[in-house]
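In UniProt numbering, the protein residues as written are 1 to 230.
Even glycine gets a Cβ: it sits at the ideal position worked out from N, Cα and C.
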Ligand SMILES: [Zn+2]
């Protein structure tokens, strides 16, 4: 949960806002310091682009080739990809709004079980009655857009078709916990209050710090599945 005192003043916000345009609203909850953190994270991710081995493992996790995959955004302690970062526009020009995507089968399963338990209805009600949560959730949406925008700028991708669209139902609804969880894994704690909540609720079955992978990463992980695909 984001506490009010953790949000730096609006004055800082206007300075960096012209470098990365988030939302044309003066009421943005994203500060200049937030944007600096987002840009650093993008920098870090682009400095370590997806390797062929990682791409092969993600291919196996998803059962399809991860088009537009820029980098692995979060990894299990064993090294397996947990969530990936996809460019805003695929190589053939297709707009792709879901920048942070959950790939770990163990994580997907744990989050699906939580969805099946029906928590989303409760959380949607909570968003309607808890202004602090609603505000933190809107901030998560804005940070998602800032993240994608910084990525788009670095890669020269057009975001025209997906302007203002984030993922998971943000900013007002909870529609897909996988998307929110992926954002929390890729962007870190304190960004998405509900993604963070998912991670704490599923900790006994999925935890990035505890490897429970059916196929843990080994040096041969990528090579093995590359051969399978050939
Ligand atoms: Zn693992």
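| said: At a cut-off of 8 Å, would you count residue 216 as near ligand 3, judging by its Cβ distance to the nearest heavy atom? | reply: What this structure holds is ligand 1, not ligand 3.
| Of the residues 55, 98 and 67, the one placed nearest residue 80, counting alpha carbons only | Here the question's residue 80 lines up with position 80 in the chain shown. The residue with the shortest Cα to Cα distance from residue 80 is 55.
| query | What are the boundary residues of the beta strand (DSSP E) that residue 101 is part of? | reply | Looking up residue 101 in the chain shown gives position 101. Run containing residue 101: 100–102, per the beta strand (DSSP E) assignment.
| request: Check whether the Cβ of residue 212 sits closer than 8 Å to any heavy atom of ligand 1, and report yes or no. | output: Taking the first residue of the chain shown as 1, we reach residue 212 at position 212. Yes, ligand 1 has a heavy atom inside 8 Å of this Cβ.
| message | Does the beta-carbon of residue 77, which I'm using as the reference point, lie nearer than 8 Å to any heavy atom of ligand 1? | response | For the purposes of this step, residue 77 is identified with residue 77 of the chain shown, where counting begins at 1. Yes, the beta carbon of residue 77 sits closer than 8 Å to at least one heavy atom of ligand 1.
| query | Would the beta-carbon of residue 80 be found less than 8 Å away from any heavy atom of ligand 1? | reply | The residue given as residue 80 occupies position 80 in the chain shown. For ligand 1, at least one heavy atom lies less than 8 Å from the Cβ of residue 80.
| message | Just to confirm the assignment: which complete beta strand (DSSP E) runs, minimum length 3, are found wholly within the region 102–177? | response | none
| request: Give the straight-line distance between the Cα atoms of residue 216 and residue 99, rounded to the nearest whole angstrom. | output: If you number the chain shown from 1, residue 216 lands on position 216. If you number the chain shown from 1, residue 99 lands on position 99. Computed Cα separation, rounded: 25 Å.
| task | Compute the Euclidean distance between the alpha carbons of residue 189 and residue 146, then round it to the nearest angstrom. | result | In the chain shown, counting from the first residue as 1, residue 189 sits at position 189. In the chain shown, counting from the first residue as 1, residue 146 sits at position 146. Whole-angstrom Cα-Cα distance: 16 Å.
| query | From 191, 156, 70 and 44, pick the residue whose C-alpha is nearest to that of residue 170; which is it? | reply | Numbered from its first residue, the chain shown carries residue 170 at position 170. When only C-alpha atoms are compared, the closest one is 191.
| said: Let's test the definition: count the other Cβ atoms within 10 Å of the Cβ of residue 66 and tell me whether it reaches 16, buried, or not, exposed. | reply: As a position in the chain shown, residue 66 is number 66, starting the count at 1. Burial call: buried.
| Whole-number beta carbon distance between residue 68 and residue 91, since they are thought to touch under 8 Å | Taking the chain shown and counting its residues from 1, the one referred to as residue 91 is at position 91. Taking the chain shown and counting its residues from 1, the one referred to as residue 68 is at position 68. Yes, residue 91 and residue 68 are in contact; Cβ-Cβ is about 7 Å, under 8 Å.
| task | Could you spell out the range, first to last residue, of the beta strand (DSSP E) harbouring residue 75? | result | In the chain shown, residue 75 corresponds to position 75, counting from 1. 69–75 is the span of the beta strand (DSSP E), which, as asked, contains residue 75.
| query | Under 9 Å between C-beta atoms, does residue 116 make it to chain B? | reply | In the structure shown, chain B cannot be found, because there is only a single protein chain.
| Residues in its own chain within less than 6 Å of residue 38 by CB, not counting five upstream and five downstream? | As a first step, residue 38 must be located in the chain shown, where it is residue number 38. So the qualifying residues of the chain are 146, 147 and 150.
| request: Name the residue from 93, 104, 71 and 34 whose alpha carbon lies nearest to the alpha carbon of residue 208. | output: Within the chain shown, the letter at position 208 stands for residue 208. For residue 208, the nearest C-alpha among the options comes from 104.
| query | If you run the structure through DSSP and keep just helix, strand and coil, what is residue 233? | reply | The structure shown does not extend to residue 233, since the chain is modelled only from 1 to 230, so the question has no answer here.
| Out of curiosity, what's the CA-to-CA distance linking residue 221 and residue 57? | Within the chain shown, numbered from 1, the residue matching residue 221 stands at position 221. Within the chain shown, numbered from 1, the residue matching residue 57 stands at position 57. One C-alpha to the other measures close to 7 Å.
| Between which two residues does the beta strand (DSSP E) carrying residue 86 extend? | Position 86 of the chain shown, counted from the start, is the residue given in the question as residue 86. Element bounds for residue 86: 81–86.
| field | Rounded distance between the beta-carbons of residue 40 and residue 143, thought under 8 Å | value | Along the chain shown, read from residue 1 onward, the residue named residue 143 stands at position 143. Along the chain shown, read from residue 1 onward, the residue named residue 40 stands at position 40. Between residue 40 and residue 143 the Cβ distance is about 13 Å, and since that is not below 8 Å, they are no contact.
| field | CB-CB length for residue 71 against residue 46, believed under 8 Å | value | In the chain shown, counting from the first residue as 1, residue 71 sits at position 71. In the chain shown, counting from the first residue as 1, residue 46 sits at position 46. About 7 Å separates the two Cβ atoms, so the contact holds.
| query | How many Å lie between residue 193 and residue 213 at the Cα? | reply | Taking the first residue of the chain shown as position 1, residue 193 is located at position 193. Taking the first residue of the chain shown as position 1, residue 213 is located at position 213. Cα to Cα, the separation comes out at about 25 Å.
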